[in-house]
Each structure stands twice: as C-alpha cells, then as structure tokens.
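Visitor: Chains as they are written, first to last, in this note's numbering: chain A, 1 to 202; chain B, 1 to 392. Where is the CB? At the ideal position from N, CA and C, for every residue including glycine. Computed from a predicted model, the values in this text were never measured in an experiment.
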Amino acid sequence: MYAPGEGGLSSFSPWTAAVTSELAVAGDVRYLAVWRVTPSVRAAVDSAWERIRRVVTPAEPDLYVPAFTLIRPVVQRLGVRLTEAQPSLELARGLAREVTSRPSLVRVGRDGSMGARGSGPADEPGFGTFSPVLAGREDARVLAHFVYLAVESYETHDLRSVDYELETTGEELIFIPAVWDPRQIHESNWRLLLREFDGLVA
Amino acid sequence: MADGTVHNGIELECPQCGAPVVMPEYADMAVCASCGSTLARQRRLRAVDDAEAAPPAAPEEQVLRSVQCSQCAGPLSAREGRRILVCRHCGVRVVVKQRGGVTRWYFPSRVDRLDAAAAAAGWLREHPGIAKAARGARLVESHLVYAPIWEHRTLLAGWEFGYKLRPQTEVVSSPVRALFGRSGKEEDVRLDVRLVKEGVEEAHLKERRFYQPATDFEGLGATRPRVTGRELLVPLLAGELEPSATVLVAQGSAADVADRGRRAAVAPLSGAVAPDSHLFTFRESMALLYYPLWLVRFQAGDRACRVVVNGRDGTVNSGVAPASNRRRVALLAAQAVLAAAACAVLVWLAATRDSGRATMVALAVIVFVAAALAIWRFRMVGEVEYHEPFSG
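(1) Let me make sure I understand the geometry here. Which of B:PRO235, B:VAL307, B:GLY314 has the alpha-carbon closest to that of B:ILE130?
(2) State yes or no: is the C-beta of A:ALA26 within less than 9 Å of the C-beta of A:ASP198?
(3) Check distances from the C-beta atoms of the stretch 140 to 172 of chain B to those of chain A and list, in chain order, the residues that come in under 8 Å.
(4) Have a look at B:SER109, B:ALA214, B:ALA133 and flag the residue whose alpha-carbon is nearest the alpha-carbon of B:SER253.
(5) Tell me whether the beta-carbon of A:ARG141 lies closer than 9 Å to the beta-carbon of A:THR16.
(6) Determine the extent of the alpha helix (DSSP H) in which A:HIS203 is found, giving its start and end residues.
(7) Exposed or buried, B:ALA134, counting other C-beta atoms within 10 Å across all chains shown (16 or more means buried)?
(8) In chain order, what residues of the same chain lie with their CB nearer than 7 Å to the CB of B:PRO225, ignoring the 5 residues before and after it?
(9) Could you check which residue in B:ALA272, B:GLY74, B:VAL189 has the C-alpha nearest to that of B:GLU160?
(10) Pick helix, strand or coil for B:PHE368, following the three-state DSSP scheme.
(11) Provide the residue span of the alpha helix (DSSP H) that contains A:PHE12, from first to last.
(12) Ends of the beta strand (DSSP E) at A:ASP163?
(13) Tell me whether B:SER277 is buried or exposed, calling it buried when 16 or more other Cβ atoms sit within 10 Å of its Cβ.
(14) Can you round the beta-carbon distance between B:VAL234 and B:PRO108 to whole angstroms, since I take them to be within the 8 Å contact cut?
(15) Return the chain-ordered ranges of every alpha helix (DSSP H) run that is complete within the stretch 26 to 108 of chain A and spans a minimum of 4 residues.
(16) By the 10 Å Cβ neighbour count, where 16 or more other Cβ atoms means buried, how is A:LEU143 classified, buried or exposed?
(17) Per DSSP, which residues does B:GLN168 bridge with? Please list them.
(18) When the Cβ atoms of the stretch 150 to 168 of chain A are set against those of the stretch 67 to 85 of chain A, are three or more pairs found closer than 8 Å?
(19) Strictly below 7 Å CB to CB, what residues from chain B border A:ASP139?
(20) What residues in the stretch 143 to 168 of chain A have a beta carbon less than 7 Å from any beta carbon of chain B?
(21) If the cut-off is 7 Å on Cβ atoms, which residues from the stretch 39 to 71 of chain A count as contacting chain B, listed in chain order?
(22) Is there a Cβ of chain B sitting closer than 9 Å to that of A:VAL75, yes or no?
(23) Taking the DSSP output, what are the residues bridged to B:LEU289?
(24) Under 9 Å, Cβ to Cβ, is there at least one residue of chain A near B:LEU269?
(25) Which residues, in order along the stretch 350 to 384 of chain B, keep a beta-carbon less than 9 Å from a beta-carbon of chain A?
(26) Can you tell me which of the three DSSP states B:CYS305 falls into?
(27) Using a cut-off of 7 Å between C-beta atoms, extract the partners of B:LEU205 located in chain A.
(28) Between the Cα of A:ARG160 and those of B:PRO148, B:LEU191, B:GLU202, spot the shortest distance and give me the residue it belongs to.
(29) What did DSSP end up calling A:ARG117 once you bin it into helix, strand or coil?
(30) Using the Cα positions of B:ALA374 and B:VAL337, report the straight-line distance between them to the nearest angstrom.
(31) Check B:GLN335 in the structure and name its three-state DSSP category.
(32) Write down the C-beta distance between B:ALA30 and B:ALA238 rounded to the nearest angstrom, noting that I regard them as a contact closer than 8 Å.
(33) Note the first and the last residue of the continuous alpha helix (DSSP H) segment covering B:GLU126.
So this is what it looks like as structure tokens:
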C-alpha cells in the first residue's frame, strides 16, 4: 500500500488479523481497515483509560481507530468496542491473497430474517473482501483523540470535562475480519470475528 | 475594474516542440496545442552572461516544463485536482504537489450573454421603484467575470462536554391540596418555571467549510453568491474558460484564510455553558473557487444602470437603477392625510366627550409624532439598489 508523505509516496505493509471467533460465521467475511494507535496518555487515576490499562497490565493499551469509514457513529462505536476489548490479534504481514473462507450458514437479512445467499440487504457495504482505507496515518493521530474521548464518555455517566494529554507514538494499519450483520447494532452492524466479541452475538 | 486585478496570460515556449503556449496566471498546467504535451509552470533563475555582474538576487523567469515520469521520463497526463498520477509506461506513482497548497476550480457558466442580458432587462422591467425611463433602458455591454472565493475545508473531530441551562416547567401543588387531595381548589395549583442543568456530551466528526471573498465583490457591484459546497466544480485549466471572460486575481493569502477557517471550525458548537471542548481539525484543504458573474450595463438617457447576473443560474445577484420617487411620495402623502384625519377625529372626540379625554389627546399626540417622524425621515432617493437574499 502507498501513502503520500513529505518526500512523495511511501509504501508500507499493513497487517491482516486472523479470524479467532469460535462461532460459526454467516455471510461473507470482510476485512475492515483499522489503525492501531500506540498512545502515550496522561489521564486521571479514575479515568476509563486507567481502568483499561490496569486490565491489560503489564502491556500498554492501544487505541483502535476505524479507517474504513468517516461516519461518526461507526468510528465511535467500533473505536470504543475495540479499545475496550483490547483484542489479542493474530497478525500476518500483508493482505491475504487467498482468504480461507469459513463455513457459511445463511445470510442474515436487515430485519433479522435469514434467507438464501444472494438475497442480502441492499444497504450492506459496497466493497469487496477488503475495505477501503479512508483515514490515513495523519488522520488516525487526530481520530485517536476522538476515540479516547469516546471511551471516556462511554464509561462515565454525566461527564462534564476531561483532563488528559495524549500523544501518539506509532500507528499500524490492521485489517480485522468481520461480517455484515444488522443485528449487531452496537457495532454499527458489523460482527467482528474475534474471540473477544463472541459473547456479544445475539 | 482596475487592470491590476485581472489575470493576464503570458506566452511561453513548449519545451517539447517549441510551439508558443499561452499560460494564464491562474493555471498551473496547460496542454500544448501543437504536440499535446502536458506542461507545468516552473520558475528558474534567469541566466546572466556576465557572472560578476550578476546581482545577489538573480531575476526569475517563467518557463514551461513537460510533466514527465520521474522514473522512465514518459509523459504524464496531469490534471488539476488529481493528486496521484500513474505512469502508463512503467506504472510508477507520482504525487502532485499543489502550487501554494491551493487548488483552483470554477463553477461552469450555464448562462450565455443573451440570457444574462435578458435576465437583467427583466429585472429592470419588473423590480419595484425603478424610474419609468429606466424600464426600457438600452443595453450597453455584458461581460463575464470569474470572481474568486476562498474555500477552506477541514474535517472536524472531537468532543464537547459541559452543561446547558434549560427552563423546566413543573406543576406545584399547595400544601392544602397536597393534604386533602383533589378536594382543593384549582387556585391551589401553580406552574413553576426554573432553570435546570442538562449535561452535554456531544461527539463531532464532520466536514466544516469556510468561505471568504477573494476579491472586492462590492467593487464589482455584486454580493458574494451563496456557495453550499455541493455545487458542480470543474478544475480551472488553461484554455478551458471563455476567451472573452475575465478571471480576477485572488486577493489575500491562503494562510490567513486557513487560519480563520480553522478558528471558525473549532468554535464550540453545542451551545454549552463554558464547554470543555476538545475539537481537532484534520485533512485541511484550501481552494479558490471562481464564480461566474455577468456584469450587464444599461443606459437610460444620461443615467446608467448596472445589473449583475449570476452566471450559474441566471438569477439577478445585484442591481442598481435610477429610482422613481413618485410612488413613494404618493404613499407618504396618503399616510400623512390618514394621520391628519386620525388626529382630527381624536381631537373631536376629546372635545365632545366627557370621559377619556386624556387618553384621546395622548393618542392624537402619538399619531401626530409618528406621522411627523415618517415625513422627517423621508428622503428622495436617486437609485434603487437590490442585492440577492441569502448571499453576503
């Protein structure tokens, strides 16, 4: 993949996360572009970030910034879910040319109905196996603040102010496996095929 | 219009075939009509024969260079607004840097000279208050001008926290009613309105646009047309505009406009009291949008009329024409007569009735003062001026 930089275009290799879900998969597996941002955060002791940090100690938590869309609710919801889950990703360098398809059950309709393949909802994403990358590396550094604040807002009731300092120290582009599933309303209709999200399946 | 505000093209030489290529000041690139090469503007130091006589700051001259692939030197087909070019020969990707960080676009003109003149003449015929002599004024000239407007676009991401104060209405029962239930009287119930604090947690991830005139629209006799950001825009390239059209030079600096646009973008949006806002801009871009305006001039005797017609939709943007004061004077006279009649009736009532005399006299005084003020404020106007609503 290429990204414009100061000295022209530079190439970089993204990561692809393997499917770690232990549940059956319904529908086509898509890979959603997400930036995994390594931040350096100074936050209050009782903040949501510090709670996440305590959970993943001794590792440092990362911020996950969806890069395949710039629609606010999607960036917010998926960013919060992934950041809170801090998934253990099994990563492989580059984009998988041949994606091993897992057994497909039936396609889930928009209203939750299940039908034959090919009768999917009309508003499902209009991309193929791999999503486009709409947010670049520079964008991810800014959106990391957005996701961080979204996490704080999600966890704290009636939040009136947030005192924090955030600096990003690294970004990696990861393609995370998912299927389009309108029942997953809290994940903007995406079911992430990671074991950390298995418990959320209806 | 001052000559200094108009773009003048300069004639340069194609480095590929030597043919002359006219390069307007507004354009970054041109295509040689002779050999078809895509050419870009380049500034280089002018060669001076006597090296010792060369001044410390050697003068610059403009030349054209062929847009070529950096790897195989194959020609690249570059277009304004395209950031990444792919060489058709070797497949290498080339990033195009914007000149001064600004891209240039124009709104295609959909109105021709005759339509513009007809729209202007229609305005003169129908707009109220215009002198009768100017209704059938003679067309003198119509000229198409592309007026630049700065556009700063950015994506805004962030959150706002805080609180809002909002009124809350509450039904409050008196202690008597509370004790005896429904047996109390209706008067025992009252509505209390009080201000309550309401938490604000607003997420923002949206595009923000900021527009600023890049030319003196007032000097053109126009107002800045309304731009929504959703209009069709075409890259401004050399040779694509009508040869007779004038492209005005942009005034102001992109950095200043970007600074203003950025400040406008991060202004708190939620309306919270003393908000704790964490708003960030990213993916900023600056552009110059050239808007087509037809400047139409009419002559009515020794009086001139100016009408500016929007070149995109054919509506009248602004207009100035000699005014007719006859109707206004008639209206004022009618108002004065009515006021006098009202005063007379009130005075008569005050004189003939025993009760309410003071009220009648006070009303008569009020009517008289209002009429006197209207007459005092009346001025004969020389011109009718019109500006399109919602522009500015």
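Guide: Working from what's here:
(1) By 1-based counting over the second sequence, the position of residue 130 of chain B is 130. B:ILE130 has its Cα closest to that of B:VAL307, out of B:PRO235, B:VAL307, B:GLY314.
(2) Start at 1 with the first residue of the first sequence, and residue 26 of chain A comes out as number 26. Start at 1 with the first residue of the first sequence, and residue 198 of chain A comes out as number 198. No. Outside cutoff.
(3) LEU155, ALA157, GLY158, TRP159, PHE161, GLY162, TYR163
(4) Taking the second sequence and counting its residues from 1, one reaches residue 253 of chain B at position 253. Of the candidates B:SER109, B:ALA214, B:ALA133, the one whose C-alpha sits nearest the C-alpha of B:SER253 is B:ALA214.
(5) On the first sequence, residue 141 of chain A is found 141 positions in, with the first residue counted as 1. On the first sequence, residue 16 of chain A is found 16 positions in, with the first residue counted as 1. Cβ distance not < 9 Å, so A:ARG141 and A:THR16 don't count as in contact.
(6) Chain A is shown from 1 up to 202; residue 203 of chain A falls before or after that span and cannot be answered.
(7) Mapped onto the second sequence, residue 134 of chain B falls at position 134. Answer is buried; the Cβ neighbour count reaches 16.
(8) The residue you call residue 225 of chain B lines up with position 225 of the second sequence. Counting only Cβ-Cβ distances below 7 Å, and skipping sequence neighbours, we find TYR291, ASN310, ASN317, SER391.
(9) Translated into the one-based positions of the second sequence, residue 160 of chain B becomes position 160. Among B:ALA272, B:GLY74, B:VAL189, the Cα nearest to that of B:GLU160 belongs to B:ALA272.
(10) The count along the second sequence starts at 1 and reaches residue 368 of chain B at position 368. Correct three-state label for B:PHE368: helix.
(11) Here residue 12 of chain A is taken as the residue at index 12 of the first sequence, counted from 1. First-last for A:PHE12: undefined, no H or E at that position.
(12) Against the first sequence, residue 163 of chain A aligns to sequence position 163. Here A:ASP163 belongs to no beta strand (DSSP E), and DSSP marks it neither H nor E.
(13) Position 277 of the second sequence, counted from the start, is the residue given in the question as residue 277 of chain B. The residue in question, B:SER277, is buried, as its Cβ has 16 or more Cβ neighbours within 10 Å.
(14) In the second sequence, counting from the first residue as 1, residue 234 of chain B sits at position 234. In the second sequence, counting from the first residue as 1, residue 108 of chain B sits at position 108. Confirmed, Cβ separation roughly 5 Å.
(15) 48 to 56, 72 to 85
(16) Along the first sequence, one-based indexing puts residue 143 of chain A at 143. When all chains shown are included, A:LEU143 counts as buried.
(17) The residue labelled residue 168 of chain B in the question sits at position 168 within the second sequence. B:ARG194.
(18) yes
(19) By one-based count along the first sequence, residue 139 of chain A stands at place 139. Here the neighbours are PHE282, ARG283.
(20) LEU143, HIS145, PHE146, LEU149, ALA150, SER153, ASP158, LEU159, ARG160, SER161, VAL162
(21) LEU70
(22) Looking up residue 75 of chain A in the first sequence gives position 75. Chain B contact via Cβ: present.
(23) Position 289 of the second sequence, counted from the first residue, corresponds to residue 289 of chain B. Answer is B:TRP105, B:ILE149.
(24) Position 269 of the second sequence holds residue 269 of chain B. So, not an interface residue.
(25) none
(26) Counting from one through the second sequence, the residue named residue 305 of chain B turns up at place 305. Three-state result, B:CYS305: strand.
(27) Start at 1 with the first residue of the second sequence, and residue 205 of chain B comes out as number 205. Going along chain A in sequence order, the residues near B:LEU205 (Cβ under 7 Å) are LEU70, ARG72, VAL75, PHE146.
(28) Here residue 160 of chain A corresponds to residue number 160 of the first sequence, with the count starting at 1. It is B:GLU202.
(29) Working through the first sequence from its first residue, we reach residue 117 of chain A at position 117. Low per-residue confidence applies at A:ARG117: pLDDT is 46, beneath 50, and the placement is therefore not dependable, though the value from the model is reported in the following sentence. Coil.
(30) Looking up residue 374 of chain B in the second sequence gives position 374. Looking up residue 337 of chain B in the second sequence gives position 337. C-alpha separation (whole angstroms): 12 Å.
(31) As a working mapping, residue 335 of chain B is identified with position 335 in the second sequence. Helix at B:GLN335.
(32) Looking up residue 30 of chain B in the second sequence gives position 30. Looking up residue 238 of chain B in the second sequence gives position 238. The Cβ separation is near 4 Å, so the contact holds.
(33) On the second sequence, residue 126 of chain B is found 126 positions in, with the first residue counted as 1. Counting along the chain, the alpha helix (DSSP H) containing B:GLU126 begins and ends at 113 to 126.
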